[in-house]
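In terms of full-length UniProt numbering, the sequence shown has 390 at position 390, counting the first letter as 1, and numbering is strictly consecutive. Even glycine gets a Cβ: it sits at the ideal position worked out from N, Cα and C. Since the structure is predicted, the reported quantities are computational estimates derived from the model, not experimental observations. Below is one structure, written out as structure tokens, with a few remarks after it.
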Amino acid sequence: MMNKETNDWSDVILVVDDDDSMLRILQLLLQRAGYGVITARSAGEGLRLSETYGPSLAILDWKLPDMTGLELLRQLKLALPDLPVILLTGFANLEGAVSAIKEGAYDYLAKPMGNKEFLARVQGALEHDSRPFPVIGGRDPLTERMGTSTAITRTIEDIERVAPTDFSVNLFGETGSGKEVVAHAIHEASPRAKQPFVAVDCGAIPESLIENELFGHERGAFTGADRQQAGRFEAADGGTLFLDEITNLSLSAQARLLRVLQERVIYRVGGSTPIPVDVRLISASNRQLADAVSEGGFRADLLYRLSDYRIAIPPLRERREDIMHIANQFLVDANRDLHKHIGHFTDKAVQAMLTYHWPGNVRELRSVVRRAVLIAQYLIDVNHLDLPESGFRTQSNPLGESIATQMDPDSEGFSLKEIVRARVEHLEREVLSSALRRHNGNKAAVARMLQVDYKTVHTKLKAYGLGV
């Protein structure tokens, strides 16, 4: 039995499900969203309809009377290799997700799912451009850059809501969760988009230099100041200034920042002439500003000035359905940047990536994928990922040998120095990863725990793809 309601729509979606009530719900939901829909109750009927109508997207139930959804996926891909396919299942199944991705599914959803989430996945699939994976780029939709999970969809809605305003925005998220990406997105969607976007990592600048960095200095302001220099506020005039790790600002720097926000003028270090500035301020931290205020390290009056609007960015472990979506984009980018032609991730690699804790979030994922592309020859297998064992939710998911383990003394082609360095780096990365999780991404706390200075922790986290 077939139901066809297309009315010459540009996008026609094939839905195959033997559950009449679910089929009707999906059909109505898609039609109300403006899509043409053809429906089938068996795999065989779905194949015949796909040959007749050439749909833009196929949505398949996992359990069908004549074959599984995965088998139907394979058949559809033989006839229509560029057709994006979403598989639906009534149960959460990691192995099923791995198999679906390996066979070329665009997405995999467990029922029940929210209407908004479902439609976001559909839109993402239809905007998929028939290349192996979507490409990150400034002109792509936010969902293509950030994912389509329910958690990140809420963040995207916040971005779209606040971007057209001139509100100050405070971003809260763990290390590596993509705070600068969100700040960029707000700027790009704002009336200030054609003006400068200037980013400052307050945690990477010594306390003695931060005011000079932000406000600039006059000639002769201090020893070595042989010329006048503008600061970041002046550089961002008319545009957006993004202050990352803002809780690292000293109380004196906070006082000067508060004055700028109140008066809309800055004074260079060593200067007395007010300089008007027009900037939108976006700040970010990996801890709640209210907590920093209660601990006495942050001014309450500055918190209110910075937080006209607050956006929480979920960690990657809370949106696992986005992991392979983002990883595939990073794979395309790394292939282009490194002049490689790596095909895809093996099923073991996908399973490892879906079960890993990702303490460094999206930043760590990007670093892992780029390193794997550099090392791999054809496909990315689990041993190319070099994921710390401490980052897995269970120890029953063996990863095979890490890069460091492969470089044993019996291996040919590696010097003792290379073997030792690889093992030290592997251990160091595990220690930092564990410390980050323990302290919820607070780099200052990690530095205190490991008894090293903040700059060392910041540098190493960045090198290992665990920091922002």
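Residue 369 sits close to residue 330, with the two beta carbons spaced by under 9 Å. Counting only the Cα atoms, residue 275 lies some 5 Å from residue 265.
The criterion of a C-beta distance shorter than 9 Å is not satisfied by residue 313 and residue 431. Excluding sequence positions up to five before and after residue 153, its CB lies within less than 7 Å of the CB of 116, 117 and 120, all in the same chain and listed in chain order. In the three-state reduction of the DSSP assignment, residue 259 falls in the helix class. Around residue 90, the same chain offers 111 as residues with beta carbons nearer than 6 Å, after the five sequence neighbours per side are excluded. Residue pairing from DSSP leaves residue 254 without any beta-bridge partner. Per the Cβ contact rule, the region 315-324 is not in contact with the region 273-291 (fewer than 3 Cβ pairs under 8 Å).
Boundaries of the alpha helix (DSSP H) harbouring residue 155: 150-162, taken from the DSSP string. The alpha-carbon separation between residue 187 and residue 58 amounts to approximately 35 Å. As for any alpha helix (DSSP H) of minimum length 4 sitting wholly inside the region 302-374, the runs are 323-338 and 347-355, ordered along the chain. Using a C-beta cut-off of 8 Å, the region 292-309 makes contact with the region 164-172, since at least three inter-stretch Cβ pairs fall below that distance. Only buried fits residue 211, as 16 or more other CB atoms lie within 10 angstroms of its CB. Looking at the DSSP output, residue 217 bridges to 229 and 269. Contact annotation, residue 356 with residue 379: C-beta distance approximately 18 Å; criterion of less than 8 Å not satisfied. Residue 440 is classed as exposed because its beta carbon has fewer than 16 other beta carbons within 10 Å across all chains shown. Going by DSSP, residue 118 is part of no beta strand (DSSP E) but of the alpha helix (DSSP H) stretching over 115-127. By DSSP's assignment, residue 276 forms a beta bridge with 265. Taking 9 Å as the cut-off, the Cβ atoms of residue 231 and residue 216 count as close. Listed as beta-bridge partners of residue 283 by DSSP are 170 and 243. Under a 10 Å Cβ-count criterion, residue 339 is classified as exposed, with fewer than 16 other Cβ atoms of the shown protein chains found around its own Cβ. The three-state reading of DSSP puts residue 76 in helix, counting H, G and I together. Distance between residue 373 and residue 179, taken at the CA atoms: about 25 Å. In the three-state reduction of the DSSP assignment, residue 66 falls in the coil class. Here residue 54 carries a coil assignment [DSSP, helix/strand/coil]. Of the other Cβ atoms in all chains shown, 16 or more fall within 10 Å of the Cβ of residue 175; this residue is therefore buried.
Under the criterion of beta carbons closer than 8 Å, residue 444 and residue 454 qualify as touching, at roughly 6 Å.
The alpha carbon of residue 226 has as its nearest neighbour, out of 194, 270, 246 and 203, the alpha carbon of 270. Within the same chain, 62 come within 7 Å of residue 68 by CB-CB distance, once the 5 residues on both sides are set aside.
CA-CA distance, residue 328 to residue 302, rounds to 40 Å. In terms of Cβ geometry, residue 66 and residue 44 form a close pair [threshold 9 Å]. At the C-beta level, residue 433 and residue 466 come within 9 Å of one another.
Per DSSP, the unbroken alpha helix (DSSP H) holding residue 454 starts and ends at 454-463.
If you compare the alpha carbons of 238, 199 and 234 with that of residue 245, the shortest gap goes to 199. Under DSSP, residue 35 shares a beta bridge with no residue.
With respect to the C-alpha of residue 77, the residue from 47, 248, 158 and 341 having the closest C-alpha is 47.
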